[in-house]
Amino acid sequence: MSNLKSDFLRILSERGFINDCTDKEGLDEKAATGTIAAYIGFDCTAPSLHVGSLLPIMMLRWLQKSGHKPIVLMGGGTTRVGDPSGKDESRQLLSDEQIAANMAGIKRVFSSYLTFGDGPSDAIMVNNADWLDGLKYIEFLRDYGRHFSVNRMLSFESVEQRLKRQQHLSFLEFNYMILQAYDFLELSRRHDCVLQMGGSDQWGNIVSGVELGRRIDDAHLFGLTSPLLTTASGAKMGKTAGGAVWLNEEKLPAYDFWQYWRNTHDADVGRFLRLFTELPMDEIARLEALEGQELNEAKKILANEVTAMCRGRAAAEAAAATAQKTFEQGQLGEGLPTVEIAANTIREDGLGIVDALVAAGLCASKGEARRLIRGGGARLDDEKIADENMRLQEDLFTAGPVKLSAGKKRHVRLILKD
RNA sequence: GGAGGGAUGCCCGAGUGGCUAAAGGGGACGGGCUGUAAACCCGUUGGCGUUUGCCUACGUUGGUUCGAAUCCAACUCCCUCCA
């Protein structure tokens, strides 16, 4: 395993980034003797990437750190088609305006992880709409389509899944892998890119590109995939009570982002430290060896490191401080999500506690708020709320913000606003 | 184009005229135990109002009926086989 010569592959390997590689020795040789360019594609299906994309982003970061050139491919063109990999059903088609807006949001996050510029190992960002949008159908089919075997395509996991489960797969989506393969070819021609990386669900698409390069340009391209990340409990990474764990601040406050990592399962701590932080391996070994309650320290470090990289050191420290106040001292941390209550809604005869829970975003509906109270999960300044008809009065706020909680982990600061 | 099968709540899936806001499971959320873990146990899981109430919901639109997720018709989409 560790007879790897290149820094790049050795780091990825020892940190657990590698699931599969089309030609590990060949790639190692190439990375050890020169500078290589590698790319990962990101489709613009949402206004922000979420933690699921953090793994590929970290791969690009290590690539750059070991002296190579990362290429971030924005899927402005492929998003118009829709990748069927790993999806049960066809995604709704996104409008071009949505795609453009999503791309703008996604682009922002990369500057936290990569250095962009014109130097040999500076990262660049390209958009596959640049070459996909202008393709001519018949020409494309004749030049490239003939290199694809439908028999083969049908056997790829992404396609086979759909067929086996009797789920609709449109011809549009069926073409996705061809376009992704073509992307690789274009990038190898334009930027001398020799490696495509991605999640293991991308294996089929990546291999298609490697083959296309060999058939048409006689190029020796490489593919490398990372393991599909699931948590120890088997769930796909990146979901939390509030929804997806977004990388962009405007989609998820730093405090919540930090909390996500703080709540990592015991069994995942070591793996996540290796994948999502840049702590030295021996330090990680020490941290993951901690047992019982002490392992919580490792989780805090994990949260701090990941948050610092994504949101900045200051944001990470603020989140850590808020968490400490809230959980370890039982106080009201300043960094908790803050919700303003308009003073005039409360002045007359107070604000119903049920409405307050909904307004605070802790419950999706009044019924849910009532159930929460009945189940004993709602608390006001750490006092269990027993009466679902209770009303918050104005004088409650004279001493300052009030803490409203749903369960042990979700807290909101309520403040009165004129 | 022909023949047959199917569409149920976040997901899977039962239900073939009233007892159905709809079994069961998963997930999620809450409580207990803990370490802001895991496992386990318990509870909750359409909306609004709350003492029995109203509204929305079983692909879509109509119809039969006192009454439909359940029967009928048309339509949409998916699947299988045939051409």
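Take the first sequence: its letter number 205 is residue 205 in my numbering, and every next letter is one higher. Beta carbons: idealized from backbone N, C-alpha and C, even for Gly.
Three-state secondary structure (DSSP) of residue i
i    : result
M197 : strand
H147 : helix
L351 : strand
E482 : Past the boundaries of the shown model lies residue 482; the chain is included only from 1 to 418, so the question cannot be answered.
M125 : strand
Y113 : coil
I301 : helix
T45  : coil
M1   : At M1, the pLDDT of 49 sits below 50, so the modelled position is not reliable and the matter cannot be decided from this model.
A244 : strand
D7   : helix
A267 : helix
A399 : coil
T277 : coil
L172 : helix
I284 : helix
I421 : With the chain running from 1 to 418 in the structure shown, residue 421 is simply not present.
I40  : strand
Distance between beta carbons of residue j and residue i, contact taken as under 8 Å
i    : j    : result
V72  : L55  : Going by Cβ atoms, the distance from V72 to L55 rounds to 14 Å, so no, they are not a contact pair.
D83  : Y144 : Their Cβ separation, rounded to whole angstroms, is 18 Å, which puts D83 and Y144 out of contact at 8 Å.
H50  : W246 : 5 Å
K300 : A320 : 7 Å
K417 : I353 : About 19 Å; that fails the 8 Å criterion.
L275 : R15  : 6 Å
N128 : C44  : So it is not a contact: roughly 10 Å between Cβ atoms.
L114 : A123 : 4 Å
A37  : V194 : 7 Å
S405 : N248 : Actually they do not touch by this definition, with Cβ atoms about 26 Å apart.
First and last residue of the uninterrupted beta strand (DSSP E) at residue i
i    : result
T322 : Looking at the DSSP string, T322 is not in any beta strand (DSSP E); the run it does join, the alpha helix (DSSP H), is R313 to A323.
I341 : T338 to A342
M74  : K69 to G75
Endpoints, the alpha helix (DSSP H) within which residue i is located
i    : result
D28  : K24 to T33
D183 : Y176 to H191
G105 : D96 to F110
V412 : It is not in any alpha helix (DSSP H) - V412 instead sits in the beta strand (DSSP E) that spans R410 to K417.
D256 : A254 to R262
I216 : W203 to D217
L54  : L54 to K65
G223 : Careful: G223 lies outside any alpha helix (DSSP H), inside the beta strand (DSSP E) at F222 to S226.
G367 : K366 to R374
Whether residue i touches residue j by CB criterion (8 Å)
i    : j    : result
Q196 : S85  : no
A254 : T307 : yes
L221 : S188 : yes
E76  : L179 : According to the sequence provided, residue 76 is Gly. The question's Glu does not apply to it. No.
L212 : Y182 : yes
V412 : L336 : yes
E305 : T322 : no
I18  : S66  : no
R391 : G350 : yes
T326 : L302 : no
I284 : L295 : no
P120 : T35  : yes
L185 : I216 : yes
G199 : S158 : no
S53  : C310 : no
G376 : K384 : yes
L414 : A343 : no
D20  : S6   : no
F42  : M74  : yes
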